[in-house]
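Okay, so here's the structure we're looking at.
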Amino acid sequence: MITRFAPSPTGPLHLGHAYAAIRAHDMARAAGGRFLLRIEDIDRQRSKPAWEAQILDDLRWLGLSWDGPVMRQSERLNIYRQTLEKLWDRGFLYACTCSRRDIEAAASAPQEGVSYGPDGIIYPGTCRASGAPRPGQPLPDAVLRLNQERAATDCSFEEICEIHRGRHAITRAEMIREVGDVVLARREMGTSYHLAVVLDDAAQGITHVTRGADLFEATKIHVTLQKLLELPTPTYCHHMLIRDEAGKRLAKRDDARALATYRAEGASPADIRRLIGL
Ligand code: GLU
141 MITRFAPSPT GPLHLGHAYA AIRAHDMARA AGGRFLLRIE DIDRQRSKPA
191 WEAQILDDLR WLGLSWDGPV MRQSERLNIY RQTLEKLWDR GFLYACTCSR
241 RDIEAAASAP QEGVSYGPDG IIYPGTCRAS GAPRPGQPLP DAVLRLNQER
291 AATDCSFEEI CEIHRGRHAI TRAEMIREVG DVVLARREMG TSYHLAVVLD
341 DAAQGITHVT RGADLFEATK IHVTLQKLLE LPTPTYCHHM LIRDEAGKRL
391 AKRDDARALA TYRAEGASPA DIRRLIGL
């Protein structure tokens, strides 16, 4: 078994991250497997080396050890680009010039308003024909969308954790209608979360993807991409989220629940485990 923790270095780790990291770590260790660390720093505006340093320090303090070197997405931009070129040449991508406002205007049917999928507004397909590659055209420096009509196939994945346990079927029709042509490359990133996570999980040989239940719906996109790229589909564990007293999930801005705050107040790693029920 190989699991991973994949934080973005855009703020301090809070109790929710501690929960995710400990679940992934303990699952691998209990099975005599490997636990890997990946820093998801493709958002160059928000990612900061100082946050990464603090994340590693907090994880060590929690008593979590990871195997092998840390993977950093910022060091893999050429891998993402090569994959985008391959998909572009095979006609699975198209360039999209729509602004958010264009999309909202085109997507809102008069009575129903805008429909949302796991990746936000379901794209109405405005640029699908005009943005398609012409013969010999190199990968453009543009927002690139996945053409689901071409990409989607019926597929499925296995979920082993508490909320969604069981086998989940994904149909081609559902991907076209309810997910739509998601963005695989943002201009300022040269990739997207979805593409990077699929390529990185495969490159690290992750057998069990453990992460918060907020990403359960996005898994359809990831499994579709795995099929398209002929990569193995791992087993998934989407675990519960740690919430505040009001029932809201914790966010990076909740500094009050940052591990650093608990550490400064004298809490021990065992106290943290107790607080989050692990
Ligand atoms: N980097 C993501 C986050 O910090 C996690 C992505 C994943 O586990 O697939 O929320």
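Anchor point for the sequence shown: position 133 equals 273 in the working numbering, and the numbering is continuous, going up by one each time.
Built from N, CA and C at the ideal position, the CB exists for glycine as well.
May I ask which residues mark the beginning and end of the beta strand (DSSP E) holding F265?
-> Just to set this straight, residue 265 is Gly in the shown sequence, not Phe. Counting along the chain, G265 falls outside any beta strand (DSSP E), and DSSP gives it neither H nor E.
Practice problem: Taking the CB atoms as reference points, tell me whether E385 and P258 lie closer together than 7 Å. | Solution: Against a cut-off of 7 Å, the Cβ pair of P258 and E385 comes out as no contact.
- Message: I need the straight-line Cα distance from R403 to H334, nearest angstrom please.
- Response: R403 and H334 have their C-alpha atoms roughly 33 Å apart.
Please state whether DSSP places L153 in a helix, a strand or coil.
It is coil, neither helix nor strand.
If the criterion is Cβ atoms closer than 7 Å, does the pair G330 and Y263 meet it? The beta carbons of G330 and Y263 sit no closer together than 7 Å.
Taking 6 Å as the line, does the beta carbon of R230 fall inside it for any heavy atom of the ligand GLU? With a cutoff of 6 Å, R230 does not count as near the ligand GLU, since its C-beta is closer than that to no heavy atom of the ligand.
For the ligand GLU, I want to know if A291 counts as a neighbour, meaning its beta carbon is within less than 6 Å of at least one of the ligand's heavy atoms. In this structure, the ligand GLU has no non-hydrogen atom nearer than 6 Å to the beta-carbon of A291.
Closer than 7 Å by C-beta to K360: which residues in its own chain qualify, once you throw out the five before and the five after it? Chain order, please. By the criterion of a C-beta distance shorter than 7 Å, K360 is surrounded in its chain by P258, I310, M315 and V319, once the five residues flanking it on both sides are discounted.
7 Å Cβ cutoff, R230 in contact with chain B: Checking the listed chains, one finds no chain B in this structure; it contains a single protein chain.
Could you say which of L381, C301, A245 and G265 lies nearest to E289 if we only look at CA atoms? For the set L381, C301, A245 and G265, the Cα lying nearest the Cα of E289 is the one of G265.
Among S255, R327 and R305, nearest to A353 - alpha-carbon criterion: That would be R305, whose Cα lies nearest to the Cα of A353.
Using alpha carbons as the reference points, say which of T143, A343, E225 and A336 lies closest to R362. Rather than Arg, the amino acid found at residue 362 in this sequence is His. When each option's Cα is compared against that of H362, the closest is A336.
**Request:** Label D207 either buried or exposed according to how many other C-beta atoms from any shown protein chain fall within 10 Å of its C-beta, with 16 as the threshold for buried.
**Result:** It is exposed - the Cβ of D207 has fewer than 16 other Cβ atoms within 10 Å.
**OP:** Assign G345 to one of two classes, buried (16 or more other C-beta atoms within 10 Å of its C-beta) or exposed (fewer than that).
**Re:** Around the Cβ of G345, a 10 Å sphere holds fewer than 16 other Cβ atoms; the residue is exposed.
7 Å Cβ shell around S332 - same chain, five flanking residues per side excluded: Spatial neighbours of S332 in its own chain (CB-CB distance under 7 Å, excluding positions within 5 residues in sequence) are listed in chain order as V323, L324, A325 and R326.
Distance, Cα to Cα, F297 vs Y376?
-> The alpha-carbon of F297 is positioned some 8 Å away from that of Y376.
Check your understanding: Counting only runs that start and end within the region 356 to 390, where is the alpha helix (DSSP H) found for 4 or more residues in a row?
Key -> Residue ranges of uninterrupted alpha helix (DSSP H) with 4 or more members, entirely inside the region 356 to 390 and ordered along the chain, are 359 to 368.
Practice item. Starting from the C-beta of A245, find all residues in its chain whose C-beta is less than 6 Å away, skip the five residues before and the five after it, and write them out in chain order. Key: Same-chain partners within the cutoff: there are none.
| field | Residue list, Cβ distance to the ligand GLU heavy atoms smaller than 6 Å | value | Here the residues come out as A146, P147, S148, E180, V337, R351 and L355.
Exercise. Among R240, L176 and T223, which has the Cα closest to the Cα of P209?
Worked result: Here the closest residue by C-alpha is L176.
- Message: Which same chain residues end up closer than 8 Å to V338 when comparing Cβ atoms and leaving out the 5 residues on each side of it in sequence?
- Response: Shown here for V338: same chain residues with a beta carbon closer than 8 Å to its own, the five before and five after excluded, namely H362, L365, Q366, L369 and L371 in chain order.
- request: Can you have a look at I182 and say buried or exposed, based on whether 16 or more other CB atoms are within 10 angstroms of its CB?
  value: With at least 16 other beta carbons inside 10 angstroms of its own, I182 counts as buried.
* Quick one, which of P409, R413 and I416 has its alpha-carbon nearest R200's? -> Out of P409, R413 and I416, P409 has the C-alpha closest to the C-alpha of R200.
Out of E192, E225, L227 and A247, which has the shortest C-alpha to C-alpha gap to S214?
Considering only alpha carbons, the answer is E192.
query = Using DSSP with H/G/I as helix, E/B as strand and the rest coil, what is E244?
reply = E244 falls in the helix class under three-state DSSP.
Looking at the secondary structure, which residues open and close the beta strand (DSSP E) in which A309 lies?
Element bounds for A309: G306 to I310.
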